[in-house]
Structures are given as structure tokens and as C-alpha cells.
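Peer 1: Have a look at this one.
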Amino acid sequence: MEVLKNKKTLQDFIERQKEMGKKIGFAPTMGALHNGHLSLYEAARKENDLVISSIFVNPTQFNNAEDLEKYPRDTDRDISILKTSGLVDAVYLPQVEDIYPEKTESQRYDYDGLENEMEGKSRPGHFDGVGTVVEELFRQVKADNAYFGEKDFQQLAIIKKMVEKKLLPIKIKGVSIYRAENGLALSSRNQRLTETRKDEAKIIFETLVKVKKIFKNTPVLNIKENVNEIFHNQKDMELEYFLIADESTLKEIDQREEEKSYRAFIVVNVDGVRLIDNMHLD
8 MEVLKNKKTL
18 QDFIERQKEM
28 GKKIGFAPTM
38 GALHNGHLSL
48 YEAARKENDL
58 VISSIFVNPT
68 QFNNAEDLEK
78 YPRDTDRDIS
88 ILKTSGLVDA
98 VYLPQVEDIY
108 PEKTESQRYD
118 YDGLENEMEG
128 KSRPGHFDGV
138 GTVVEELFRQ
148 VKADNAYFGE
158 KDFQQLAIIK
168 KMVEKKLLPI
178 KIKGVSIYRA
188 ENGLALSSRN
198 QRLTETRKDE
208 AKIIFETLVK
218 VKKIFKNTPV
228 LNIKENVNEI
238 FHNQKDMELE
248 YFLIADESTL
258 KEIDQREEEK
268 SYRAFIVVNV
278 DGVRLIDNMH
288 LD
């Protein structure tokens, strides 16, 4: 596996691969890798000749300076995980100046309103930061396909919208949420939780499963009341939000309609660690 430590090294590498006509799959990350990330590379390996990872903790998508500071970083460990997996041919480790050659600030994006729902309400500018780094990485890596986990479903929808509006020559592939045995969605932030708290946090997944079971026959308002009650009784867990939204617009609903697809979204703070999850509802 090649380790590409700057933009020039990446460009030389990509040029050689393109000359050989290789189809490239790409999944960008912020490091702190786990099996959820590896599931992206497994998907990419099946559909491409070459698989590329990137590791870059993007400062412009953090609204909270403390959250940025606390974000887990261990590049040597991440590189070892990628090498051991055998799934990745190269990893790109850009410096800040490779992504932001002038000022470390975001471009402004219009995602047709997707950015104003859910995470966008509590994290203004977050998706401008996401769009800026992802667009720049796409332009540098020149991949044919890019892979993102459905755990960050709103981010996935926004990246698809950005690619559509910018007419970027890349296909975006969503990959199912990778879960621990107890159902907890794998996340880099989970590393900040004790094993006991990880086990207790399985209630997030269990709640979504319950919502999925009752969705067809229970009014949405009643479902929300049930979820609020579940987390009201959980010690040291704070329900930031729970909602059911139209999958295509991400707009919250208060009543379901036939012929539409819906998804439940939840954010829970556990010992100061913000955990997000979601589930498609039949």
C-alpha cells in the first residue's frame, strides 16, 4: 500500500493509474478507522481496479473547537489497519495547505434545502465544510466511484446533491451502516466511550428497531412521545433529537403518506459524546 503524503505525490500516482486505464474507488475519512470504514473499502474492492483511502480531519466542518481538538487521531494506527486489511492500494494524507491553499475556510453551497434539515439546524455551516473538502478531494483523486456510509445519511444525500449540481464525473455509492454485535452503529467517536457505556448505548439501535416495527400502525406524534419517554428514563443520556423524515427531502413529517420512503433519525449524547444513527422505515 502506497502512502501519499501531499498533493503532488497523489497527482503523480493518479496519473500513472489513469494511464493504465484503472477504475478507481475512493472513500475519504477523518481517520480513527474501524470496521465501518473497512466495509466501505470492501464495497469499493468489488467494483474497482484500485481502491484509495484518505485521512484528513477537516477543520471547517467542526462548529465546536473543543470537538475538533478531541477528535481521535492516530495516523500510524490507521495506516496499519489499512495495510493489514489488504483492501486499500493507497492512502492519501493531505496537509491543510493541500486542501486549503489560501485560507482555511469553506465555500458556500446550495443543496436545495437539504442542508437546512436536522444536522444543519444545530451545526450551521457544517455542510459547507463537508462540501468544500469532499469536492476538493474528488477533484484531486479523480475517482470513478466514491463510497460513504449510511450512518451519516444526511451527509450522503448532500454529497449526492453536490455532485449532481457541480456535474462532477463520479458516482456516489451508499454503504449500509456497520454495527457492533449489540447494534450500536460504529463511529470514530465511540472510542471516547467506556465499554460499559457502549453496551448501554445499544438502546439507540433498539429504539430504532421498535420504531420500525410500529411505524405503519402508529401515529408519528405517538412514536415521538414513546421515544422521548424511553430516553427520559436513561441515566446520563440526553436525546438531542428524534424525528421521522421523507428520505428524498429529509423534511420531518408528522403524518405518513403511501408511496413515499421514510427514515427515522436520532441523535443521543452519551457522556458528552454525540452519537447519531438512523434506520429506513418500510
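Read in order, the letters of the sequence shown correspond to residues 8 to 289 in my numbering. In this text, a Cβ means the ideal position worked out from N, Cα and C, and glycines have one as well.
1) Buried or exposed, going by whether 16 or more other CB atoms sit within 10 Å of the CB of V148?
2) Looking at C-alpha atoms only, which residue of I210, E264, P226 and L228 is the closest neighbour of N276?
3) With 9 Å set as the bound, which would you pick, yes or no: does the beta-carbon of A153 sit closer than that to a beta-carbon of chain C?
4) T256 by DSSP, collapsed to three states: which one?
5) Going by DSSP, what residue range makes up the alpha helix (DSSP H) through N42?
6) Is the beta carbon of D151 sitting closer than 9 Å to the one on I260?
7) Can you tell me where the beta strand (DSSP E) holding E264 begins and where it ends?
8) By how many angstroms is the C-alpha of A252 removed from the C-alpha of P101?
9) On the DSSP letters alone, give me the boundaries of the beta strand (DSSP E) that L282 sits inside.
10) I166 to E232, Cα distance in whole Å?
11) Could you compute how far the alpha carbon of L45 sits from the alpha carbon of D159?
12) Is it the case that the Cβ atoms of A153 and F33 are separated by a distance below 9 Å?
13) Quick one: measure Cβ to Cβ for G6 and E213, integer angstroms, because I've assumed they're closer than 8 Å.
14) Opposite V274 in the DSSP bridges: which residues?
15) How is the beta strand (DSSP E) around N152 delimited, first residue to last?
16) So what does R186 bridge to, in DSSP terms?
17) Given this structure, state the Cα-to-Cα distance separating K128 from E247, to the nearest angstrom.
Peer 2: This is what the structure gives:
1) Position 141 of the sequence shown, counted from the first residue, corresponds to residue 148. Buried is the call here.
2) Sequence index remark: in the sequence shown, residue 276 carries index 269 (1-based). Comparing Cα positions, the closest option is I210.
3) The displayed structure is made up of one protein chain only, and chain C is not part of it.
4) To locate residue 256, count along the sequence shown from 1; it is residue 249. Residue state, collapsed to three classes: coil.
5) In the sequence shown, the residue the question calls residue 42 occupies position 35. Counting along the chain, the alpha helix (DSSP H) containing N42 begins and ends at N42 to E54.
6) Here residue 151 refers to the residue found at position 144 of the sequence shown. Here residue 260 refers to the residue found at position 253 of the sequence shown. No, the pair does not count as a contact, with Cβ atoms beyond the cut-off.
7) Translated into positions along the sequence shown, residue 264 becomes position 257. Unbroken run through E264: none, as it is neither H nor E.
8) Taking the first residue of the sequence shown as 1, we reach residue 101 at position 94. Taking the first residue of the sequence shown as 1, we reach residue 252 at position 245. Cα to Cα, the separation comes out at about 36 Å.
9) Position 275 of the sequence shown, counted from the first residue, corresponds to residue 282. From DSSP, the beta strand (DSSP E) with L282 extends over V280 to L288.
10) Position 159 of the sequence shown, counted from the start, is the residue given in the question as residue 166. Position 225 of the sequence shown, counted from the start, is the residue given in the question as residue 232. Going by the C-alpha atoms only, they are around 32 Å apart.
11) In the sequence shown, counting from the first residue as 1, residue 45 sits at position 38. In the sequence shown, counting from the first residue as 1, residue 159 sits at position 152. Distance from the CA atom of L45 to the CA atom of D159, rounded to whole angstroms, is 16 Å.
12) The sequence position of residue 153 within the sequence shown is 146, counting from 1. The sequence position of residue 33 within the sequence shown is 26, counting from 1. Contact flag set, yes.
13) Outside the displayed range of the chain (8 to 289) lies residue 6, so it cannot be described from this structure.
14) On the sequence shown, position 267 is the one that residue 274 refers to. Note: V274 sits in a beta bridge opposite Y248 and I283.
15) Taking the sequence shown and counting its residues from 1, the one referred to as residue 152 is at position 145. Run containing N152: N152 to G156, per the beta strand (DSSP E) assignment.
16) The residue you call residue 186 lines up with position 179 of the sequence shown. R186 is bridged to A192.
17) If you number the sequence shown from 1, residue 128 lands on position 121. If you number the sequence shown from 1, residue 247 lands on position 240. Answer to the nearest angstrom: the Cα atoms are 12 Å apart.
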